[in-house]
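Visitor:
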Amino acid sequence: RTITWNDVSQALRPFYFIVHPDLFWKHPREKQKNEDSLKQLNAYLEGLIKAPSTSTRVLNVNFYLREPDRAKDPDAPFRNVRIRLSSADPHSSVYEVLKMCGLSTEGLAPPKEAPAENQLRKDVEDMGEDASKYNRRARGDFSWIVMEQQMQREEDLYLEQFLESNVQNAHELRLKSAPLHSEARRLAEDLMASLSLSGLRWEGGWGAAHHRGCLESFRLLVEQYPEAAQAVRGRAVVFGRTTGITLDGHVALSMEDVRHNWLSFLRSAHRYTRYVACVPQAERDLSLALRGICVDHRRFKPAVTAEKYIQQLSKLTTALHRYKWEHGGSFTNLPRDLSSYKLGVECEAGPLMLSPTGQFLTPASCPPRILLKFLLDNIEEATQRRARHVGFRRAEVGLLDRCRWKLGLSGLSRDDSVTPELVVQCCGRLLADADRWWPLLQGCHLHVSHYYSVLQDGIVCIPWDWKNEKSSKEDQP
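Throughout the sequence shown, residue numbering follows full-length UniProt numbering, covering 1 to 477 in sequence.
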């Protein structure tokens with residue numbers, strides 16, 4: 001696949017963390033400079049993604065960097081970095097930005113002169129990469145490199161090894177971030193009270209410093225612009241990865257946007273609110289076009305705007321009606337009533353799949369012929385998965401409580417991509433050897449995921465299928 005904006009923003013997260021304007025709210029000059037430069041950089045990268053070309057494009061921007069040691073010395077000057085980009089592809093640009101700011105480029109292949117086509121293929125074959133990876137490298141897609149290198153490093157890592165090396169650091173990070181969490185909670189409570197908000201939610205994967213910065217920036221915005229305050233008064237606000245009005249009528253503000261983008265949206269938010277009332281009818285229309293199937297969006301997915309969601313539903317509904325008309329007005333072989341099954345339309349283009357909960361997930365652009373065949377082939381599997389999910393969901397609730405108590409955890413959570421079935425397996429194994437893990441995990445916030453990591457706030461991430469060194473030795477002949 002081609003490189004996407006999500007790939008770029010993920011790779012630039014360390015950069016955003018030290019230059020984002022929300023972190024400079026006490027320094028207006030530096031804040032304004034970074035805000036202007038960030039707009040230019042984002043527009044430049046977006047242009048490279050949307051319209052790749054062989055000709056180079058030039059960009060000169062300046063950023064003030066927030067150094068890690070500044071927390072100890074608030075009066076220390078900011079470091080000013082001049083970034084000059086002149087590349088034809090986003091991969092090279094991302095690499096240069098990280099390098100110029102002194103940030104790690106681990107996992108990103110350094111840009112180099114492209115050899116002749118045949119030589120490049122030979123180099124790739126010598127490295128043992130398959131054709132699909134060659135294509136992705138040629139297109140500037142580096143996301144698979146990051147993932148593969150991380151997986152290779154973790155392949156032989158045992159849980160006990162990881163905890164012994166990282167738990168102390170996690171405790172220190174948690175203590176260091178505690179004041180930031182406290183300040184973020186205070187800001188959230190003040191905003192809830194002053195604006196009569198019905199909710200204030202954070203869907204970002206960033207740490208407490210960024211959370212506090214977003215809230216502070218939002219507070220200044222509603223204080224300076226009465227129209228912004230009026231747009232959110234009495235509603236729920238979600239800080240996440242998109243800006244718009246969500247399916248539930250909440251105001252979503254992207255944590256990657258600058259304050260100017262928020263203001264522009266809030267001034268016109270009333271135009272988008274009307275789409276929320278149209279969501280139920282759009283879901284009913286698709287349901288009627290597909291034998292009464294229950295059309296619903298997954299609740300744990302990040303916020304999506306009502307306008308975009310309705311466009312996706314309408315596109316699929318229209319395609320189904322056209323297919324029905326072209327094939328004599330009926331869908332052969334499908335059950336006459338699909339009301340006990342669920343369908344989610346989650347993106348414009350993407351995979352057609354069956355979720356672990358038994359819900360059918362389809363992109364809006366899926367051809368009706370392929371969708372109908374997929375439904376027919378997976379009806380029985382959907383029923384089985386739904387029943388299995390209900391059972392594991394019940395088991396998960398009790399198991400999480402037991403794990404928190406037996407292991408002395410300060411918190412226990414999981415990635416949305418980790419199913420209850422996998423959590424039950426993970427927690428069951430921890431509890432089976434609780435006396436061994438309790439000394440290492442006491443006081444930690446444990447997050448069940450697919451990888452090992454310690455987050456900025458001291459949260460300890462472990463893969464659900466972690467390896468046990470003791471068990472591995474016992475298995476050896």
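Glycine residues also receive a C-beta, built at the ideal position from the N, C-alpha and C atoms.
With a cut-off of 8 angstroms on the beta carbons, I'd call Ser-413 and His-447 a contact; round off their distance for me.
Guide: Contact flag correct, Cβ pair sits at about 5 angstroms.
Visitor: Where do the N-terminal and C-terminal ends of the beta strand (DSSP E) with Ile-310 fall, by residue?
Guide: Careful: Ile-310 lies outside any beta strand (DSSP E), inside the alpha helix (DSSP H) at 306-326.
Visitor: Pull up the distance between the alpha-carbon of Met-151 and that of Phe-162, whole angstroms please.
Guide: Since pLDDT at Met-151 reaches only 48, below the 50 mark, its modelled position is unreliable, and the value read off the structure follows with that caveat. Approximately 14 angstroms between the Cα atoms of the pair.
Visitor: Since Cys-461 sits in a beta bridge, which residues does DSSP pair it with?
Guide: Per DSSP, His-447, Ser-453.
Visitor: If we count Cβ pairs, one from each stretch, closer than 8 angstroms, do we get three or more for the segment 20-39 versus the segment 202-220?
Guide: Judged by Cβ distances under 8 angstroms, the segment 20-39 makes contact with the segment 202-220, as three or more pairs qualify.
Visitor: Figure out for me which residue from Val-424, Cys-366, Asn-42 has the closest Cα to the Cα of Leu-400.
Guide: Among Val-424, Cys-366, Asn-42, the Cα nearest to that of Leu-400 is on Val-424.
Visitor: Could you say which of Ala-364, Glu-346, Leu-288 lies nearest to Leu-338 if we only look at CA atoms?
Guide: Closest by alpha carbon: Leu-288.
Visitor: Per DSSP, which one or two residues make a beta bridge with Pro-90?
Guide: Beta-bridge pairing links Pro-90 to no other residue.
Visitor: Can you tell which of Leu-409, Gly-249, Leu-320 has its C-alpha closest to the C-alpha of Pro-280?
Guide: Of the listed residues, the one whose Cα sits closest to Pro-280 is Gly-249.
Visitor: Return the chain-ordered list of same chain residues with a C-beta closer than 7 angstroms to the C-beta of Arg-404, the five sequence neighbours on each side being excluded.
Guide: Excluding positions up to five away in sequence, the list reads Leu-412.
Visitor: Under the rule that 16 or more other beta-carbon atoms within 10 Å means buried, what is Gln-359, buried or exposed?
Guide: So Gln-359 counts as buried.
Visitor: Can you tell me where the beta strand (DSSP E) with Ala-364 in it begins and where it stops?
Guide: Run containing Ala-364: none; DSSP gives neither H nor E here.
Visitor: Would the beta-carbon of Val-345 fall within 8 angstroms of that of Ala-319?
Guide: Their beta carbons are not under 8 angstroms apart, which means Val-345 does not touch Ala-319 by this criterion.
Visitor: In this structure, does DSSP put Ile-293 in helix, strand or coil?
Guide: Note: Ile-293 maps to coil in three-state DSSP.
Visitor: Evaluate Pro-420 with the Cβ neighbour count: other Cβ atoms within 10 Å of its Cβ, from every protein chain shown; 16 or more gives buried, anything less gives exposed.
Guide: Result: buried.
Visitor: Between the beta-carbon of residue 488 and the beta-carbon of Thr-246, is there less than 8 angstroms?
Guide: Nothing in the structure corresponds to residue 488, since the chain is present only between 1 and 477.
Visitor: Output the distance between the C-alpha atoms of Glu-183 and Leu-371, rounded to the nearest integer angstrom.
Guide: Distance between the alpha carbons of Glu-183 and Leu-371: 49 angstroms.
Visitor: Could you give the first and the last residue of the continuous alpha helix (DSSP H) run that contains Phe-17?
Guide: Where Phe-17 is concerned, the enclosing alpha helix (DSSP H) stretches over 13-19.
Visitor: Quick check: what's the CA-CA separation for Thr-242 versus Asp-433?
Guide: Between Thr-242 and Asp-433, the C-alpha separation is close to 42 angstroms.
Visitor: Go ahead and pull the three-state DSSP assignment for Met-127.
Guide: Here Met-127 scores only 40 on pLDDT, less than 50, and its place in the model should not be relied on; the value that follows carries that caveat. If DSSP states are grouped into helix, strand and coil, Met-127 belongs with coil.
Visitor: Is it buried or exposed, Asp-296, if we count other Cβ atoms within 10 angstroms and call 16 or more buried?
Guide: Looking at its Cβ environment, which holds fewer than 16 other Cβ atoms inside 10 Å, Asp-296 is exposed.
Visitor: Take every Cβ of the segment 307-325, pair it with every Cβ of the segment 388-402, and state whether three or more of those distances are shorter than 8 angstroms.
Guide: The answer is no - the segment 388-402 does not touch the segment 307-325, with fewer than three Cβ pairs under 8 angstroms.
Visitor: What residue range is occupied by the uninterrupted alpha helix (DSSP H) comprising Ser-264?
Guide: Segment 259-267, the alpha helix (DSSP H) holding Ser-264.
Visitor: Here's the rule: buried if 16 or more other CB atoms are within 10 angstroms of the residue's CB, otherwise exposed. What is Asp-377?
Guide: It is exposed - the Cβ of Asp-377 has fewer than 16 other Cβ atoms within 10 Å.
Visitor: When DSSP labels each residue in this structure, what does Ala-236 get in the three-state scheme?
Guide: Strand.
Visitor: If you check the beta carbons only, do Arg-402 and Leu-375 fall under 8 angstroms apart?
Guide: Going by C-beta atoms, Arg-402 is not nearer than 8 angstroms to Leu-375.
Visitor: So, helix, strand or coil for Met-353, using DSSP?
Guide: Met-353: strand per DSSP, three-state reduction.
Visitor: Helix, strand or coil for Phe-392, going by three-state DSSP, please let me know.
Guide: In the structure shown, Phe-392 sits in a helix (DSSP, three-state: H, G or I).
Visitor: Could you give the residue range of the alpha helix (DSSP H) that holds Gly-199?
Guide: Here Gly-199 belongs to no alpha helix (DSSP H); instead the beta strand (DSSP E) covers 199-202.
Visitor: Tell me Tyr-95's beta-bridge partners as DSSP assigns them.
Guide: Paired residue(s): none; Tyr-95 is not in a bridge.
Visitor: Note down, one range per segment and in chain order, each beta strand (DSSP E) of at least 3 residues found wholly within the segment 156-232.
Guide: List check, beta strand (DSSP E) in window: 199-202.
Visitor: Among all the DSSP beta bridges, which residues are the ones paired with Val-61?
Guide: DSSP, once it has assigned bridges, lists Ile-83 as partnering Val-61.
Visitor: Taking Ser-217 as the reference, which of His-321, Gly-47, Arg-271, Leu-187 has the closest Cα?
Guide: Closest by alpha carbon: Leu-187.
Visitor: Quick one: what's got a C-beta closer than 7 angstroms to Glu-283's C-beta in the same chain, skipping five residues either side?
Guide: These residues qualify, in order along the chain: Val-295, Leu-313.
Visitor: Could you work out which residue in Arg-66, Ala-229, Arg-291, Thr-4 is closest to Lys-31 when comparing CA atoms only?
Guide: The option with the nearest alpha carbon to Lys-31 is Arg-66.
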